[in-house]
Amino acid sequence: MSLFRAETRRLSKRRFTKFFVLLALLVLGLVAGGTAYTHERTTDSTRAAAEAEADQEYQEQLRYADQAKQECQKDPSSFGGNCEGLVPPTRDQISSDQFLTPQFDFRADFPVMLTVWAALLALVAFVIGASFVGAEWNSGGMMNLLLWRPQRLRVLSTKLSALLTWLTGLSVLTGAAWTGLFWLIATLRGTTARMTPGAWQSLGLNGLRGLGLVLVAGAIGFGVASIGRHTAAALGAAIGVIVVFQFGLAIVLSLARVKFYELYLLPAWIGAWMNKSYEIIDYSAPCDYSAVNGCEAPTYTVTWQMAGVLFAAVSIIIVGASMWTIRSRDIT
Amino acid sequence: MTAVLEISGLRKTYRGRKGVRKALDGFDMVVEAGQVHGFLGPNGSGKTTTLRTLLGLIKPNDGRMAILGRPVPRHLPQVARQVGAIVESPQFFGNFSAETTLSLLADAGGVNKLRVPAVLELVGLRDRSKERVKTYSLGMKQRLAVASALLKEPKLLILDEPANGLDPGGIREMRTLMRDLSESGMTVLLSSHILGEIQLICDSVTIISAGRRVAAGSVSDVLASHTSSSVRVRLEPGVDLNGAADLLRAAGAAITVEKDHFTVGNAGNPAQITKLLAERQIYVSELTPIAADLEDVFLQLTGTAPVDGANRQVDQVAASQGGWGQ
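Sequences listed follow chains A and B, in order.
Numbering that gives the first Met the number 0 numbers the first residue of the first sequence as 0 and each following residue consecutively.
Numbering that gives the first Met the number 0 numbers the first residue of the second sequence as 0 and each following residue consecutively.
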């Protein structure tokens, strides 16, 4: 327990940790501020103003149509020779909704914000996790610690559990604050209507999956940095994965017309995990014909369960490899 | 006396592109309780590998080790609480203060945090304890490393080059600290290149070369068993000193001519000197053996004495030279 306490303290005291948490909070704050700024609660007066704007727009469109008709009669060839085809818009084609500043609908819009929160925290978790163990290896702190506690597996697994516990705390705190902040934004600049117990339950499960993503990212960053014994090992691997396996692979697979090539790319799996499912449409494959819907491109649905199994497997393999290497390699 | 530390037949090999390198080749060492034991060896001789192996950082290929009577590395977790160690250069996370560093170690090792100010006071870092370690000089980091090793109030203290980077005052303080710790019953294993220090403060020594023990025992015993074969030769006034030196040199002696005498560096049998000179009617007025110090013994045993015009490489050990005239 004392080792766990020491490692939790060590993680909290690191400037790198504080810096990245502050950075994440700043970005989250900017997103929330931007959302609040670009949304407005719909009231009778805003709707009346929007109606007035729509009316004005309708009158302008009528004027343009009339003007075009007059020009067409002078020179029909420049309008394709058919002046009867120039029809002015009807009033119902110009909706007042187009002139309303959107309001923040908590039920409809907050799930996307949860994905933003989870993705940002996952990135921070990866970097903090990598640095937490990588800097220890690099500075010699890990060797020093092993002189005090010569139990390699216990030391590494305690460090990992301290990291995951700390990340859970961070995620719960920021998640609660994030939810509260957007509830406030929805109250002041939108609507909180239709938030039934079922909607809350769905958001809760979404938040839990977000927490899972954060923990997986933290564990993978920690594991890769421990295998490479340097923070840069994890960061380099992450850049390599993004450049080679995301951009590079996406281009190559797309050119090769590989069936459902998005299956090989991370965003599809993260999307499936956070949004319960992700539909991949293969536009390059021969279409599936049905008498009712005609020719439709074939689709493949990645479910959150499939994504969960993949993330768990990758985490177990990487963390397992880090445990194996610390157990078997000399510490020099 | 009981042995606090025992190593026998320790082997460690590294496999690389250039083949297999034996870092430790059947190394043995015994450190008795309550002693300050010097651990000497040239660069690359296996000192740090021995200490790392002993402390569970490196896995040996063969051999037996025991600390406080318990086989390690199997029982290392049980004895670690009683062993304080610094290995090679002091290594700490630079952005933490000395106080935080020690407090975290105390937490990790289950040591009372009240020990932290006590050890900081002991090593002279009390007033700088709240500053970040990366602002420390090498000597200050060294002091912090010693403080971290003392935090546990260990029975066995293992220090690898503790005087590295210390100023003369710091070296003297370290020497006094070692003595005080030894007198309080702590056993100290001290690896150092400062042979004068070792000779001053150590009760016993082990000398390692090329992964093997080449000498061990009390400092006086090691010095006595490897007495210098150098003798100082003074002749009667008015005798041609250079002529006499050339005469001996022609017979294979290693001569260094001084102002009023010369020394024979490889005088395995000093009687040969008087015999050769007397045959030419040259009579010796003084023939004095030159007392060896630990540095001489070290250089002789490890074969690392500098040779004029040669650049000795690490791992290169000169062949043992027999005495002239034997």
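Even glycine gets a Cβ: it sits at the ideal position worked out from N, Cα and C.
- Listed along the chain, the chain A residues whose CB falls inside 9 Å of the CB of B/LEU56 are MET142, LEU145, LEU146, PRO149, ASP329, ILE330, THR331.
- For B/ILE6, the secondary structure class from DSSP, reduced to helix, strand or coil, is strand.
- Within the DSSP bridge table, the entry for B/ARG69 names B/ILE66 as partners.
- Under DSSP, B/MET28 shares a beta bridge with B/ILE6.
- If you look at A/PHE18, you'll find it isn't in any beta strand (DSSP E); it sits in the alpha helix (DSSP H) that goes 14-37.
- Bounds of the alpha helix (DSSP H) holding A/TYR57 are 43-73.
- The C-alpha of A/ALA290 is placed about 39 Å away from the C-alpha of A/LEU204.
- For B/PRO116, the enclosing alpha helix (DSSP H) covers residues 114-121.
- When rounded, the separation of the alpha-carbon atoms in B/SER183 and B/HIS260 is 48 Å.
- Fewer than three pairs of CB atoms, one per stretch, sit closer than 8 Å, so the stretch 44-60 of chain B makes no contact with the stretch 97-108 of chain B.
- Measuring C-alpha to C-alpha distances from B/SER44 to each of B/HIS36, B/GLY25, B/GLN34 identifies B/GLY25 as the nearest.
- One alpha carbon belongs to B/ALA117, the other to B/GLY123, and they sit about 10 Å apart.
- Look at A/GLY139: its C-beta is under 7 Å from a C-beta on chain B.
- Residue nearest to A/ALA5 within the set A/VAL123, A/LEU144, A/PRO110 is A/LEU144 (criterion: CA-CA distance).
- Residue pairing for A/ARG188: DSSP places it in no beta bridge.
- Residues of the stretch 5-17 of chain A that bring their beta carbon within less than 9 Å of a beta carbon in chain B comprise ALA5, GLU6, ARG8, ARG9, LYS12, ARG13, ARG14, PHE15, in sequence order.
- Following the DSSP letters along the chain, one finds A/GLY227 inside the alpha helix (DSSP H) bounded by residues 196-227.
- B/GLU172 sits in a helix when the DSSP states are folded into three classes.
- Here the stretch 230-247 of chain B lies against the stretch 279-295 of chain B, with 3 or more beta-carbon pairs under 8 Å apart.
- In the three-state reduction of the DSSP assignment, A/LEU85 falls in the coil class, being assigned neither a helical nor a strand state.
- Boundaries for B/THR134: no beta strand (DSSP E) harbours it, and the DSSP string shows neither H nor E there.
- Distance from the CA of B/ASN94 to the CA of A/THR167, rounded to the nearest whole angstrom, comes to 25 Å.
- For B/ASN94, at least one C-beta of chain A is nearer than 7 Å to its own C-beta.
- Contact of B/LEU75 with chain A by beta-carbon distance below 7 Å involves PRO149.
- With respect to the 7 Å criterion, B/PRO41 and B/THR262 are not classified as neighbours on the basis of their beta carbons.
- Per DSSP, reduced to three states, the secondary structure at B/GLY264 is coil, with no helix or strand assignment.
- Under the Cβ distance rule, A/SER1 counts among the residues neighbouring chain B, one pair being separated by less than 7 Å.
- When DSSP states are grouped into helix, strand and coil, B/LYS11 belongs to the strand group.
- Fewer than three beta-carbon pairs drawn from the stretch 57-70 of chain A and the stretch 209-223 of chain A are found closer than 8 Å, and the two stretches are therefore not classed as touching.
- When B/THR205, B/SER228, B/ARG211 are compared, the shortest CA-CA separation from B/SER217 is found for B/THR205.
- Counting of Cβ neighbours within 10 angstroms places A/ARG208 among the buried residues, the total reaching 16 or more.
- With respect to A/LEU212, A/ALA320 sits apart: the two C-beta atoms are not nearer than 7 Å.
- Against chain A, the CB of B/ASP106 has a partner CB under 7 Å away; the residue lies at that interface.
- B/ALA79 belongs to the set of residues whose beta carbon lies under 7 Å from a beta carbon in chain A.
- Going by C-alpha positions, B/ILE289 is about 6 Å away from B/SER229.
- In the structure shown, the three-state DSSP call for B/ALA214 is strand.
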